[in-house]
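First residue of the sequence shown: 1, per the working numbering; consecutive thereafter. All residues carry an ideal CB built from backbone N, CA and C; glycine is no exception. Written below as structure tokens is the structure these notes are about.
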Amino acid sequence: MTAQIPFDNSYVRLPPSFYVAMSPSHASAPRMLRFNRLLAERLGLDAEGLDTPEGAALLSGATYPEGAEPVALAYAGHQFGHFNPQLGDGRALLLGEIVAPDGARFDLQLKGSGPTPFSRGGDGRAALGPVLREYLVSEAMAALGVPTTRALAMVATGDPVFRDAAVPGAVLTRVASSHIRIGTFQYFAARGDRDALRRLADHAIARHDPEAARAERPIHTFLAGVIARQARLVAQWMAIGFVHGVMNTDNMSISGETIDYGPCAFLDAYDPETVFSSIDRDGRYAYANQPGIAQWNLTRLAECLLPFLAEGTDAAIEEAQGLLAGFAEAFNAAYIAAFRAKLGLVGEDEGDARLVEDLLSRMTVGLADFTLTFRRLCESAVDPAADAEVRALFQDPDSFDAWAMRWRARTPREETSPEDRRAAMRLANPAFIPRNHHVEEAIAAAVEREDFGPLDRLLKVLSHPFDDQPDAQFYAEPAPIGGAPFRTFCGT
Ligand code: AMP
Ligand code: MG
């Protein structure tokens, strides 16, 4: 059987300054490590034909799928606040685009497919560990209901890559609504290329905000759309304790999907100052800083679009400020809605924000596990005796009791029954997140011992994060207290 991918490419129809056309590098011995059949079926791809040695060759770049027009995309970006006018796909190629049966358009990207003109001295490769991490965490995020790029396949190249030592190389096939980043706009803005900016905006509008094309002021509507999507996305991150770790403007997608999983990780104990990435020394991308950073990044996007917002700089800045003010509004609304849902509150009460903040600050002091606190609280909704399991998560259990009294004073004003409240809370509070120690263990088993058992077990549990899975309790538990603080190292 010949594996076919029905490409329908649009980005390569944009001007040549947007990308560099080139073939992926050779892979010596491509081997399919994991193929995401459910995703392939959703995308209308031939899962049977692709989950084969031939598919491994296509998805490692070893052979050239028919209809593919591989390109490395140009983009710029602020990295930790410092502008770099030229980043671009240094270790990835957009293989092409497909249109799913429901009409949605997706990029298929090979990550780790060899050097490109944007590699800036890097080897263009990806090590198996980070590829596995992105596969696992992005699929977990999708199951948690968070907008994200997806992982279609993971192929071993058969070639070593050299990091601290020689490690196995791999290629991730990433599926994204697009790979247009804030940094893509910055690339053309930095060059003063107004025509390219307009072309890019029109392309992004057609892909992500088609209704903006018909609006009175398309660029306004588009920018407002990007701002609203990012606000909702970051609120969802906060609600599951996700720390992206490297929110550079080149790692923020216009589509509002989580993209570029590098040093990301999930909170265990709730601490808003949590930073996992070893390179984020000043805590720029700490958990609690994420909304502010998103707004900072969106301000950089608005700067790129100033020429289209109004005649004259002052007027344009005023327009931009008006739109950016919408970020805080959209974020606060999405954040309180998410945490209301976590507490099982359907109605809206003025004091809800304080009720949420009160619990979170008690959790910070009590070093309470973020995910478990909210999950166990679901039972407390029907049975105060279940409080014992929640309070046990606090170093000072009495502190939880004081908060629980406030919560119970609030719930009688709700129209829902305790049983309905519990059911709703169980859909807002996952039992399972990719716990850092389990992720590390799954990676180590695969990389060091070629044992993919732990990865498969973890993937399976994380594909139903809101279900109780009694034989998977092991995966719900935080790392034993007393270990060194968890650190992540850059994804390369
Ligand atoms: P990231 O940390 O993945 O967001 O990447 C930041 C920039 O560095 C992007 O332009 C990447 O393409 C580039 N880059 C990261 N790792 C490599 C690598 N191993 N080889 C070449 N370029 C890389
Ligand atoms: Mg990146």
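Please classify H244: does DSSP put it in a helix, a strand, or coil? As a first step, residue 244 must be located in the sequence shown, where it is residue number 244. H244 falls in the coil class under three-state DSSP.
Run the proximity test for N251: is its beta-carbon closer than 7 Å to any non-hydrogen atom belonging to the ligand MG? In the sequence shown, counting from the first residue as 1, residue 251 sits at position 251. It does: the Cβ of N251 is within 7 Å (strictly closer) of some heavy atom of the ligand MG.
Please report the straight-line C-alpha distance between L200 and T221, rounded to a whole angstrom. Counting from 1 along the sequence shown, the entry for residue 200 is found at position 200. Counting from 1 along the sequence shown, the entry for residue 221 is found at position 221. Answer to the nearest angstrom: the Cα atoms are 15 Å apart.
Between the CA atoms of V175 and E450 - distance to the nearest angstrom: Counting from 1 along the sequence shown, the entry for residue 450 is found at position 450. Counting from 1 along the sequence shown, the entry for residue 175 is found at position 175. Those two C-alpha atoms are separated by around 25 Å.
Can you have a look at Q290 and say buried or exposed, based on whether 16 or more other CB atoms are within 10 angstroms of its CB? As a position in the sequence shown, residue 290 is number 290, starting the count at 1. Classification of Q290: buried, given that the 10 Å Cβ count is 16 or more.
Output the boundary residues of the alpha helix (DSSP H) element that contains T184. For the purposes of this step, residue 184 is taken as residue 184 along the sequence shown, with counting starting at 1. T184 -> alpha helix (DSSP H) spans 182–190.
Expressed to the nearest angstrom, what Euclidean distance is found between the alpha-carbon atoms of L14 and D8? Working through the sequence shown from its first residue, we reach residue 14 at position 14. Working through the sequence shown from its first residue, we reach residue 8 at position 8. A direct Cα-Cα distance of roughly 14 Å separates L14 from D8.
Hey, could you find the ends of the beta strand (DSSP E) I493 is sitting in? With the chain covering only 1 through 492, there is no way to say anything about residue 493.
Please determine if the stretch 229–240 and the stretch 250–261 are in contact, where contact requires at least 3 C-beta pairs separated by less than 8 Å. Output reads yes: the stretch 250–261 touches the stretch 229–240.
Check whether the Cβ of S119 lies closer than 7 Å to any heavy atom of the ligand AMP, and answer yes or no. As a working note, residue 119 is residue 119 in the sequence shown. Yes.
Considering only heavy atoms of the ligand AMP, does any lie closer than 7 Å to the CB of G124? Mapped onto the sequence shown, residue 124 falls at position 124. Closer than 7 Å to some heavy atom of the ligand AMP: that describes the Cβ of G124.
Tell whether a beta-carbon distance below 8 Å holds between L136 and V439. By one-based count along the sequence shown, residue 136 stands at place 136. By one-based count along the sequence shown, residue 439 stands at place 439. With a cutoff of 8 Å on beta-carbon distance, L136 and V439 are scored as near each other.
What does a CB cutoff of less than 7 Å around H78 pick up in its chain, not counting 5 residues either side in sequence? Here residue 78 refers to the residue found at position 78 when the sequence shown is read from its first residue. Same-chain partners within the cutoff: N248, T249, R300.
Going by alpha carbons, who is nearest to A409 out of A170, E448, D159, P384? Here residue 409 refers to the residue found at position 409 when the sequence shown is read from its first residue. Measuring from the Cα of A409, the nearest candidate turns out to be P384.
With 16 other CB atoms within 10 Å as the buried threshold, where does F185 fall? Numbered from its first residue, the sequence shown carries residue 185 at position 185. Of the residues assessed, F185 falls on the buried side of the cut-off, its CB having 16 or more other CB atoms within 10 angstroms.
Between D107 and the ligand AMP, is the CB less than 7 Å from at least one heavy atom? Here residue 107 refers to the residue found at position 107 of the sequence shown. Not under cutoff, so the answer is no.
Counting only the same chain and skipping the five closest in sequence on each side, list residues whose C-beta sits under 6 Å from that of Y287. The residue you call residue 287 lines up with position 287 of the sequence shown. For Y287, the CB contacts under 6 Å within the same chain, skipping 5 residues up- and downstream, are V243, P272, T274 in chain order.
Please determine, among D468, F452, N297, K460, the residue with the shortest C-alpha to C-alpha distance to R426. Start at 1 with the first residue of the sequence shown, and residue 426 comes out as number 426. Per the C-alpha coordinates, the member of D468, F452, N297, K460 positioned closest to R426 is D468.
Mapping DSSP to helix, strand and coil, what is T116? Walking along the sequence shown from the start, residue 116 turns up at place 116. For T116, the three-state secondary structure derived from DSSP is coil.
DSSP beta-bridge partners for R125? On the sequence shown, residue 125 is found 125 positions in, with the first residue counted as 1. S113, per the DSSP bridge assignment.
Anticipated Cβ contact below 8 Å, A72 with Y19, distance rounded: As a first step, residue 72 must be located in the sequence shown, where it is residue number 72. As a first step, residue 19 must be located in the sequence shown, where it is residue number 19. Indeed they touch by this definition, with Cβ atoms about 6 Å apart.
With a threshold of 8 Å on Cβ separation, who are the neighbours of G124 within its own chain once the five nearest residues in sequence on each side are excluded? What you label residue 124 is simply residue 124 of the sequence shown in a count that begins at 1. Within the same chain, G124 has close Cβ partners S25, G90, R91, G112, S113, G114, P115, T116.
What is the C-beta distance between V390 and S380, in whole angstroms, given that I count them as a contact (C-beta under 8 Å)? Locating residue 390 in the sequence shown gives position 390, counting from the first residue. Locating residue 380 in the sequence shown gives position 380, counting from the first residue. By a beta-carbon distance limit of 8 Å, V390 contacts S380. Their separation comes to about 6 Å.
Give the C-beta separation of N436 and F489 to the nearest angstrom, bearing in mind that I take them to be a contact with Cβ-Cβ under 8 Å. Along the sequence shown, read from residue 1 onward, the residue named residue 436 stands at position 436. Along the sequence shown, read from residue 1 onward, the residue named residue 489 stands at position 489. Rounded to the nearest angstrom, the Cβ distance from N436 to F489 is 12 Å, too far for a contact under 8 Å.
Return the residue from the list S417, F474, R421 that minimises the CA-CA distance to P434. Within the sequence shown, the letter at position 434 stands for residue 434. The option with the nearest alpha carbon to P434 is F474.
My guess is that R340 and P430 are in contact by the Cβ rule of under 8 Å, so how many angstroms apart are they, rounded? Within the sequence shown, the letter at position 340 stands for residue 340. Within the sequence shown, the letter at position 430 stands for residue 430. That pair is no contact at about 17 Å.
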